[in-house]
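Following: one structure in structure tokens, then a few remarks.
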Amino acid sequence: MTTIPISTSNVDDEHAPMTASEDHVSTPPPLPVEPAVPAPQVETDVWQPLPLRARTLATIATLIGTLIPLAIALGVGLIAADRQPLSFAIAGALLLVIPAWTVWIARRRWLRTRWRLDDDGFGVRRGHMWRSDTRVPGNRVQHLDVRRGPLERAFGLATLIVHTAGTRNSALSLSGLDFEEAERLRDTLAARAARDDDHDDA
Amino acid sequence: MTMTTPEPAAPEALLPENHERRLHPGSWLFVLLQNLRQFIVPLAVLLFAGGRRDDGYPWWLPMIGVGALVVVSVWQYLTFRYRIDDDRLIVRSGLLERSVRQIPYSRIHNVAIHQTLLHRLMGVAEVRLESAGGTKPEAQMRVLRMPEALALEQLIRDRGRADAAVAAPDGTPVAAPEGTTLLALSTWEVVKLGLISNRGLIVVAGAVALSFQVMPERAMGRLLVEYGREAFGYASGFATTWMAKGVVLMGVLATALVLIRAFSVLLSLLRYHGFRLQRQGRRLTVERGLLGRSRSSVPRRRIQAWTQQEGVLHRLFARRTLEIDTASARTSDGQGNANAQHGLDALAPIAPPDTCDAIVRDIALLPSWPPQHWQPLHPRAWQRLMLGDLFVTVGLCAALAWFFHWWGALGLLWLPWSMFVARRHAARAGYAVDDALVAVREGWWSRTWRFAELGKLQAVELRQSPLDRRFGMASVWLDTAGANPLTTPLRLRFLSLDDAERIHATLAHAIARRPLRW
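Here the protein sequences come in this chain order: A and B.
Using our numbering, the letters of the first sequence correspond one by one to residues 5 to 206.
Using our numbering, the letters of the second sequence correspond one by one to residues 83 to 600.
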């Protein structure tokens with residue numbers, strides 16, 4: 005049901021990911037609204053920000069993603085051009101301005117991305133210019149993935165992907181979540197989906 | 083042997099339980115034909131173009147391939163068994179790797195029975211059972227005897243509902259509910275459908291392309307050029323003025339149009355002749371086709387979303403098209419339009435608007451359809467709609483002005499028309515949300531209505547682009563299962579931000595209260 009890349013490097017986690025998820029699924033579904041739920045960090049009905057580490061990661065990833073292609077393009081351009089001081093100056097300015105701009109966008113996107121888990125289900129808000137607010141009701145969740153790339157593993161982050169049976173919006177993915185929080189979210193949502201299924205069949 | 087024969091009274095008599103059954107003994111022939119269809123081109127190439135007879139080329143070599151196919155087909159027939167169980171169908175198949183597949187009746191979304199002309203001559207049919215998602219049917223039975231196929235369909239219909247098994251504890255079959263015919267198309271209606279549709283265009287284009295490929299030595303091209311030159315020579319004999327040339331051109335165009343329409347009518351007769359939509363209990367059954375017949379049946383609760391369409395030609399005949407999305411496999415077989423051939427895409431290919439609405443009311447359990455209270459869009463929606471046109475027109479006019487100087491500015495005359503269209507569109511478009519359904523209507527020239535029950539919605543999204551922000555608008559996108567990517571999505575565009583936020587919140591809350599039943 006879920007795919008968890010098990011990392012050997014990340015041994016400092018309190019529990020191994022696989023066993024943690026199995027435990028949660030097999031136990032009676034925890035109700036996230038009840039105060040006795042052993043998940044104090046998942047606050048309901050509040051728009052939660054992404055952790056600060058996610059901003060650092062976004063900055064690094066954007067820098068890498070912008071600087072390398074830009075440097076290659078500018079290098080080729082400079083070699084092909086007549087190597088005037090002016091063109092060097094322009095290239096240098098571009099090399100500063102464009103990454104700064106993309107990093108600014110990435111950090112702003114980080115700031116504007118909020119998630120929320122409430123009685124109705126899971127919600128993600130994104131963006132300022134292109135704003136979107138997606139809600140997936142808890143009983144529409146088909147299956148869930150927690151994915152981690154190498155960089156995300158290094159930062160202790162994860163991507164949560166919520167699949168529905170829909171067509172266009174059939175997967176809502178949120179990256180930059182704290183790993184443990186992502187797992188807890190996944191387990192809560194999966195348990196809720198299972199509970200709703202039982203109600204449905206009755 | 084037609085499919086319109088009444089159902090056999092007791093499917094249990096034809097399909098005894100707990101008894102392994104095989105396909106029709108002639109089944110291997112159809113498997114062979116299907117396999118041959120894939121290999122026919124390479125075989126033909128081998129046979130005719132592979133070598134000349136005189137250099138000792140073994141012409142019988144391809145026959146080995148055909149022989150192997152025969153063996154495989156017979157083998158497939160021998161290894162395919164199915165068994166009717168209490169609540170599921172068990173299919174055993176496989177040549178070397180054996181597989182046993184269990185399909186609960188309640189999970190079958192669509193039962194499609196398909197007959198080509200050859201099937202009809204032999205009194206057999208192909209049965210495909212489809213469940214939600216996936217790209218291939220759950221089970222494909224090539225082929226069953228026609229009464230057996232119908233009995234299987236009825237059995238799935240009866241046992242698919244949970245309460246049917248309870249209602250008949252002593253084994254007596256539940257009395258088959260009398261089917262209600264919701265729509266039956268006469269031949270004249272099907273001809274109208276052909277006149278409205280543009281499918282003929284595809285045929286003409288395909289025929290031209292094919293003739294260019296098949297005819298040797300570019301004979302087709304030469305023919306076209308020669309005839310064209312002759313025709314033009316003949317025409318220019320008496321048509322020396324611009325006027326006459328125009329008339330000739332119009333004549334050619336008119337001929338092409340008539341040809342295309344004729345093919346459209348022919349195609350729709352082939353596809354939709356004898357179209358009948360029936361409701362039997364909770365299932366809908368559609369049967370159609372002139373030479374080959376097909377019959378497919380879906381439980382009505384599997385319908386995910388509805389679309390009504392009305393083009394200009396539709397309005398000329400006062401007709402509409404009613405289509406549905408179901409969550410069953412879309413691109414079956416890997417063949418592009420396999421589903422369009424077998425599946426149940428249109429509940430009413432053509433019907434008067436009132437009939438379409440009545441069908442919706444009857445099947446969707448939406449007594450209030452069509453909604454009485456269409457909500458208007460944002461008052462400035464037409465400006466937002468026109469903005470794109472404005473940019474394109476100004477750009478084009480700039481290009482025209484470059485070539486034709488001031489005459490290019492005449493292109494700006496398009497703008498009043500564009501404004502008129504945008505205003506009409508915005509005035510007609512609207513949405514309706516109540517505690518049963520979400521509906522959107524759009525368009526002015528060609529109109530669409532798209533709606534879904536709240537229980538079928540999967541996710542809600544509020545979107546706002548920078549342009550939307552300037553206008554104080556937002557849109558709400560709703561996702562349903564099984565939506566065709568080519569049809570208009572279910573989205574409420576150009577709402578005022580307040581309305582959009584309110585609808586977004588209401589729907590997100592309402593969907594979470596409804597169990598997913600699909």
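In this text, a Cβ means the ideal position worked out from N, Cα and C, and glycines have one as well.
Close partners of S136(A) in chain B (Cβ separation under 8 Å): E543, L544, R545, Q546. With fewer than 16 neighbouring CB atoms inside 10 Å of its own CB, Y309(B) falls in the exposed class.
Leaving aside the five residues that flank I165(A) on each side, the residues in its chain whose CB is nearer than 6 Å to its CB run, in chain order, D149, A175, S177. Boundaries around F92(A) are those of the alpha helix (DSSP H), 89-116, since no beta strand (DSSP E) includes it. Contacts with chain A at 9 Å (Cβ-Cβ) include H591(B). Contact annotation, A514(B) with A521(B): C-beta distance approximately 5 Å; criterion of less than 8 Å satisfied.
A534(B) is bridged by DSSP to V520(B). Per DSSP, reduced to three states, the secondary structure at F576(B) is strand. Rounded to the nearest angstrom, the Cβ distance from A430(B) to L283(B) is 23 Å, too far for a contact under 8 Å. For M332(B), the secondary structure class from DSSP, reduced to helix, strand or coil, is helix. Secondary structure at E99(B): coil, using DSSP grouped into helix, strand and coil. Between H106(B) and R227(B) the beta-carbon gap is near 5 Å, inside 8 Å, which marks them as a contact. Restricting attention to A428(B), V347(B), R466(B), V334(B), the CA atom closest to the CA of V380(B) is found in A428(B).
Only buried fits R224(B), as 16 or more other CB atoms lie within 10 angstroms of its CB. Within the stretch 123-135 of chain A, the residues whose Cβ lies closer than 8 Å to any Cβ of chain B are, in chain order, D123, D124, G125, G127, M133, W134, R135.
Contact of H191(B) with chain A by beta-carbon distance below 7 Å is absent, the smallest such distance being about 12 Å. Beta-bridge analysis with DSSP links W119(A) to Q52(A), V128(A). Of the residues P435(B), D407(B), M204(B), R377(B), the one whose Cα lies closest to the Cα of R401(B) is P435(B).
Scanning chain A for C-beta atoms nearer than 7 Å to the C-beta of H586(B) yields D137, reported in chain order. Around K538(B), the same chain offers Q386, T562 as residues with beta carbons nearer than 6 Å, after the five sequence neighbours per side are excluded. Within the stretch 178-200 of chain A, those residues whose Cβ lies closer than 7 Å to any Cβ of chain B are, in chain order, D200. By the Cβ test, the stretch 569-584 of chain B is in contact with the stretch 552-560 of chain B, since at least three Cβ pairs between them sit closer than 8 Å. Secondary structure at A207(B): strand, using DSSP grouped into helix, strand and coil. Using a CB distance below 8 Å, the part of the stretch 143-168 of chain A facing chain B consists of N143, R144, T168, ordered along the chain. For a Cβ distance threshold of 7 Å, residue set R172 of chain A lies close to P571(B), ordered along the chain.
Secondary structure note for W464(B): its alpha helix (DSSP H) is the uninterrupted segment 463-486.
Per DSSP, R384(B) lies in no beta strand (DSSP E) and is assigned neither H nor E.
Taking S547(B) as reference, the option from S136(A), G170(A), R118(A) with the minimal CA-CA separation is S136(A). Secondary structure at E179(B): coil, using DSSP grouped into helix, strand and coil. Annotated three-state conformation of G180(A) is strand, per DSSP. For F485(B), the number of other beta carbons within 10 angstroms of its own is below 16, and it is reported as exposed. Of the residues assessed, M325(B) falls on the exposed side of the cut-off, its CB having fewer than 16 other CB atoms within 10 angstroms.
Interface criterion met: the Cβ of V140(A) is under 9 Å from a Cβ in chain B. If you draw a straight line from the Cα of H132(A) to the Cα of L544(B), it is about 13 Å long. With a beta-carbon spacing of about 14 Å, R116(A) and G127(A) fall beyond the 8 Å limit used to define contacts. For G242(B) and R383(B), the gap between their C-alpha atoms comes out near 12 Å.
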